[in-house]
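Note sheet for the following structure.
2 protein chains.
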Amino acid sequence: MRAMVDSEAPSTTRSRERTRRKLLDAAAQVFAEVGLDAASVEAVCDRAGFTRGAFYSNFESKDELFLELSGIVANERVEAVRSRVGELESVGGFDTQPANAFAIIEQVLDVSADDRLSVLLMSEIRIRALRNPDLAAAYLQQEAEMQRGVAQIVTDIGRAKGIEFRVSSDEAARIMLLVWEGAAVRAAMSGVEADELRRRTSTELALVAQLTIHDPQRP
Amino acid sequence: MRAMVDSEAPSTTRSRERTRRKLLDAAAQVFAEVGLDAASVEAVCDRAGFTRGAFYSNFESKDELFLELSGIVANERVEAVRSRVGELESVGGFDTQPANAFAIIEQVLDVSADDRLSVLLMSEIRIRALRNPDLAAAYLQQEAEMQRGVAQIVTDIGRAKGIEFRVSSDEAARIMLLVWEGAAVRAAMSGVEADELRRRTSTELALVAQLTIHDPQRP
DNA sequence: TGTATCCGATACATAGTTGTATCGTAAAAC
DNA sequence: GTTTTACGATACAACTATGTATCGGATACA
Numbered sequence: 001m002r003a004m005v006d007s008e009a010p011s012t013t014r015s016r017e018r019t020r021r022k023l024l025d026a027a028a029q030v031f032a033e034v035g036l037d038a039a040s041v042e043a044v045c046d047r048a049g050f051t052r053g054a055f056y057s058n059f060e061s062k063d064e065l066f067l068e069l070s071g072i073v074a075n076e077r078v079e080a081v082r083s084r085v086g087e088l089e090s091v092g093g094f095d096t097q098p099a100n101a102f103a104i105i106e107q108v109l110d111v112s113a114d115d116r117l118s119v120l121l122m123s124e125i126r127i128r129a130l131r132n133p134d135l136a137a138a139y140l141q142q143e144a145e146m147q148r149g150v151a152q153i154v155t156d157i158g159r160a161k162g163i164e165f166r167v168s169s170d171e172a173a174r175i176m177l178l179v180w181e182g183a184a185v186r187a188a189m190s191g192v193e194a195d196e197l198r199r200r201t202s203t204e205l206a207l208v209a210q211l212t213i214h215d216p217q218r219p
Numbered sequence: 001m002r003a004m005v006d007s008e009a010p011s012t013t014r015s016r017e018r019t020r021r022k023l024l025d026a027a028a029q030v031f032a033e034v035g036l037d038a039a040s041v042e043a044v045c046d047r048a049g050f051t052r053g054a055f056y057s058n059f060e061s062k063d064e065l066f067l068e069l070s071g072i073v074a075n076e077r078v079e080a081v082r083s084r085v086g087e088l089e090s091v092g093g094f095d096t097q098p099a100n101a102f103a104i105i106e107q108v109l110d111v112s113a114d115d116r117l118s119v120l121l122m123s124e125i126r127i128r129a130l131r132n133p134d135l136a137a138a139y140l141q142q143e144a145e146m147q148r149g150v151a152q153i154v155t156d157i158g159r160a161k162g163i164e165f166r167v168s169s170d171e172a173a174r175i176m177l178l179v180w181e182g183a184a185v186r187a188a189m190s191g192v193e194a195d196e197l198r199r200r201t202s203t204e205l206a207l208v209a210q211l212t213i214h215d216p217q218r219p
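Protein chains in written order, with our numbering: chain F, 1 to 219; chain A, 1 to 219.
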């Protein structure tokens with residue numbers, strides 16, 4: 001009976017799921033640290049506290065695991081942005097100052113690149129996408145989704161604050177995402193700690209946000 | 001006597017230099033295509049039309065070659081920007097329309113990411129820099145140099161055209177570089193051809209350039 | 001023409017990685 | 001409590017890449 005309740009594989013034990021998750025987590029770390037190609041299956045297993053037997057019992061190959069991991073990361077990012085957008089829309093009020101109204105967007109984007117490991121992992125996924133059409137399509141689609149979310153926030157802020165923009169919300173969102181990512185990569189490259197990394201990307205984003213705003217009083 | 005003229009190694013034959021260059025060129029291609037780790041020394045040699053004997057006769061290891069290659073690429077980029085800046089400054093006149101005054105900057109930046117292979121190679125260098133402090137320092141320094149060049153152009157254009165900017169030329173240059181690179185990566189990911197890639201990045205850059213300009217008449 | 005030198009090719013020893021096949025054990029089913 | 005099943009560990013075979021040591025030939029030079 002329980003088998004009918006579960007959607008996919010009824011036989012998979014709960015402990016097996018834990019093993020999969022541990023392997024995925026370990027893989028995320030190792031892939032970020034040394035890159036997919038330099039990461040041996042054994043290194044991933046060592047990190048997870050298993051041997052390769054566990055690995056091949058759970059995954060076809062390293063590539064298959066990477067594909068699944070990419071999907072998970074992408075979903076998490078999109079979902080995090082979406083939920084933030086949902087929160088903000090339901091609350092309706094933006095009680096931040098006009099000057100740093102875009103702090104909300106920082107919060108939204110924080111979900112994507114908040115620490116060095118995330119930056120590295122996303123960079124790894126991105127460079128694989130550059131070389132693999134399938135991954136590229138998935139990557140671009142996920143990014144478009146995030147862009148929609150950010151554009152929505154931009155629109156909402158504009159409406160709530162009576163802000164006029166010099167470009168469309170889509171364009172603003174796209175530029176913000178690009179700058180955000182670039183700044184995060186540079187910060188990570190400088191070897192700064194997580195909070196400093198966050199501070200730098202925020203500063204850069206604030207600058208861009210300011211640029212997109214059309215302020216008739218003080219241009 | 002000729003030995004005294006040459007700077008470094010007097011004994012290196014001209015043909016040896018050609019071999020080195022061929023290996024470096026081949027390596028650039030292969031590294032871009034599959035990444036440094038996945039690129040075997042033999043694959044590089046095959047592409048160059050040599051065997052590994054030639055490789056190890058000319059380079060310590062794959063890493064050493066990559067380091068040298070990175071240096072060359074970085075120098076070329078910086079030098080290209082610098083020479084463009086030099087040209088523009090010496091000429092003095094900017095006969096482009098105010099609307100697309102920043103087409104000049106596109107020209108300047110074109111040297112850095114004009115085709116898919118360059119985008120891939122720079123992405124590879126960037127992700128290595130993310131994982132290696134020495135490379136990171138070199139990368140950031142090279143980028144700072146480019147930023148200075150672009151900022152100089154921005155300043156010159158502003159002066160020549162009587163344009164006011166909403167941010168400092170340095171900030172404008174930094175954002176432009178970030179957006180330029182991000183756009184180039186996305187375009188390359190879409191699998192578009194070289195000229196379409198160029199068109200997309202130009203469009204994105206024009207948008208940012210427009211944002212940085214403060215036009216009192218039509219804000 | 002003979003000789004020396006240089007440079008790239010070839011051969012080989014070694015290490016590391018992958019995937020599979022088998023085994024042992026712990027938990028589930030009866 | 002016994003049997004069965006599932007899951008991860010272990011052992012193994014094949015492959016690939018690396019780096020070194022040696023070889024052969026072309027080129028420069030006398």
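A virtual CB, placed ideally from N, CA and C, is assigned to each residue, including glycine.
Contact with chain A by residue i, beta-carbon distance below 8 angstroms
i         : result
LEU140(F) : yes
ALA38(F)  : yes
GLY53(F)  : no
GLY35(F)  : yes
SER123(F) : yes
ALA129(F) : yes
ALA103(F) : no
GLY149(F) : no
ARG186(F) : yes
ARG47(F)  : no
ALA27(F)  : no
LEU120(F) : yes
GLU171(F) : yes
Minimum C-alpha distance to residue i - residue among the options
i         : options                                    : result
VAL85(A)  : LYS62(A), GLY71(A), PHE66(A), ILE157(A)    : ILE157(A)
LYS62(A)  : ARG77(A), ALA74(A), GLU76(A), GLU42(A)     : GLU42(A)
LEU140(A) : ASN75(A), PHE50(A), HIS214(A)              : ASN75(A)
VAL78(A)  : GLU181(A), ALA194(A), ASP170(A), ALA144(A) : ALA144(A)
ARG186(A) : ALA184(F), LEU178(F), ILE213(F), ALA187(F) : LEU178(F)
SER123(F) : ALA184(F), PRO133(F), VAL44(F), GLY71(F)   : ALA184(F)
GLU204(F) : VAL44(A), ARG82(A), ALA173(A)              : ALA173(A)
ASP215(F) : LYS161(F), SER169(F), GLU193(F), GLY182(F) : LYS161(F)
VAL108(F) : SER190(F), MET176(F), VAL34(F)             : MET176(F)
ALA103(F) : TRP180(F), SER190(F), ALA188(F), ARG14(F)  : TRP180(F)
THR51(A)  : THR155(A), ILE163(A), ALA194(A), ALA26(A)  : ALA26(A)
ALA151(A) : GLU106(A), VAL34(A), SER15(A), ILE72(A)    : GLU106(A)
PHE55(A)  : LYS22(A), ARG199(A), SER83(A), SER70(A)    : LYS22(A)
SER70(A)  : LEU197(A), LEU121(A), CYS45(A), VAL154(A)  : LEU121(A)
Backbone CA spacing between residue i and residue j [nearest angstrom]
i         : j         : result
GLN29(A)  : GLU68(F)  : 29 angstroms
ALA138(F) : GLU17(A)  : 43 angstroms
LEU88(A)  : ALA80(F)  : 47 angstroms
LEU36(F)  : PHE66(F)  : 8 angstroms
LEU135(F) : PHE165(F) : 34 angstroms
GLY149(A) : VAL208(A) : 17 angstroms
ASP170(F) : GLN147(F) : 7 angstroms
ARG20(F)  : ASN58(F)  : 7 angstroms
VAL167(F) : ARG126(F) : 27 angstroms
GLY53(A)  : ASN132(A) : 29 angstroms
ARG128(F) : ALA32(A)  : 11 angstroms
THR212(F) : ARG14(A)  : 55 angstroms
ARG116(F) : LEU130(F) : 21 angstroms
VAL34(A)  : SER118(F) : 22 angstroms
ALA188(F) : ALA39(F)  : 20 angstroms
ARG47(F)  : LEU24(F)  : 10 angstroms
Beta carbon proximity, residue i to chain F, threshold 8 angstroms
i         : result
LEU24(A)  : no
GLY71(A)  : no
GLY191(A) : yes
ALA136(A) : yes
ILE175(A) : yes
LEU207(A) : yes
THR212(A) : yes
ARG199(A) : no
LEU178(A) : yes
VAL167(A) : yes
GLY162(A) : no
ASP181(A) : The displayed chain sequence assigns Glu, not Asp, to residue 181(A). Yes, its Cβ sits closer than 8 angstroms to a Cβ of chain F.
GLU79(A)  : no
GLU60(A)  : no
Per DSSP, the bridge partner or partners of residue i
i         : result
ILE213(F) : PHE165(F)
Scan the stretch 28-98 of chain A and note each continuous alpha helix (DSSP H) run of 4 residues or more that stays entirely inside, going in chain order.
41-48, 52-58, 62-91
Jot down the residue ranges of each uninterrupted alpha helix (DSSP H) in the stretch 132-192 of chain A, minimum 4 residues, whole runs only, in chain order.
133-161, 169-189
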